[in-house]
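For reference, the structure is listed below as structure tokens.
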Amino acid sequence: MKIIYDFIVKKANGETQSLEEYKGKPLIIVNTASKCGFVTQFKELQDLYTEYIGSDLVILGFPSDNFNDQEFDDIEKTMEFCQLNYGVTFPMFAKVDVKGDTAEPLFAFLTSKKKGMLTEGIKWNFTKFLIDREGNVMERFAPQTSPLKMKKKIDEIVQ
Numbered sequence: 019m020k021i022i023y024d025f026i027v028k029k030a031n032g033e034t035q036s037l038e039e040y041k042g043k044p045l046i047i048v049n050t051a052s053k054c055g056f057v058t059q060f061k062e063l064q065d066l067y068t069e070y071i072g073s074d075l076v077i078l079g080f081p082s083d084n085f086n087d088q089e090f091d092d093i094e095k096t097m098e099f100c101q102l103n104y105g106v107t108f109p110m111f112a113k114v115d116v117k118g119d120t121a122e123p124l125f126a127f128l129t130s131k132k133k134g135m136l137t138e139g140i141k142w143n144f145t146k147f148l149i150d151r152e153g154n155v156m157e158r159f160a161p162q163t164s165p166l167k168m169k170k171k172i173d174e175i176v177q
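Per my numbering, the sequence shown starts with residue 19, numbered consecutively.
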């Protein structure tokens, strides 16, 4: 049976990275899109990352273009956009599919562990998954949920 730390993902620069590097740290894994109406969540995610840095919380952003062409084709444009407009310093990865037959295995795993309200799969950008220090998928938050409204659940797992 797979666990979160079994996955290897592609970084924005094309190198691969094992999620085992985050073992023992609480995580928020989120599919992002630079041209989405929820794009201001980048600021809130960065605020959480900054606020909880002493508690080892790590936010992992995965750009996706599965919904209405809302991500740049060039990952470098995505990275520049996130850094210049929202000051993003948390790890951002290569653009991935988050639904369908070509879904990144990590997102297939996440959605199998925490189904959405109306669907198992990801239904829009900025779906957020909260992972505890043991690698358990604890919560799934809808795209419209403000990252700052996740604080109560984050506080429960960073202790």
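Using N, Cα and C, we set each Cβ at its ideal position, and we do this for glycine too. Computed from a prediction, not measured in an experiment: that's the story for all the values here.
Those runs of the beta strand (DSSP E) which lie wholly inside the stretch 90-150 and span at least 3 residues: 146-149
Taking contact to mean at least 3 C-beta pairs separated by less than 8 Å, is the stretch 27-36 in contact with the stretch 105-122? yes
Looking at the structure shown, is T34 part of a helix, part of a strand, or coil, going by DSSP? Annotated three-state conformation of T34 is strand, per DSSP.
Tell me the rounded alpha-carbon separation between Q177 and K131. So the alpha carbons of these two residues sit roughly 23 Å apart.
Could you pull the DSSP bridge partners for V48 from this structure? Bridge partners of V48: G79 and K146.
Find out if the Cβ-Cβ distance for the pair A1, G105 is shorter than 9 Å. A question about residue 1 goes unanswered here, because the residues of the chain that appear run from 19 up to 177.
Alpha-carbon spacing of Q90 relative to P81, whole angstroms: According to the sequence shown, residue 90 is Phe rather than Gln. Cα-Cα distance, rounded: 9 Å.
Which residues does DSSP pair with E69 in a beta bridge? Residue pairing by DSSP places E69 opposite no residue, since no beta bridge is assigned to it.
Just verifying my parser: in three-state terms, what is the DSSP assignment at E62? helix
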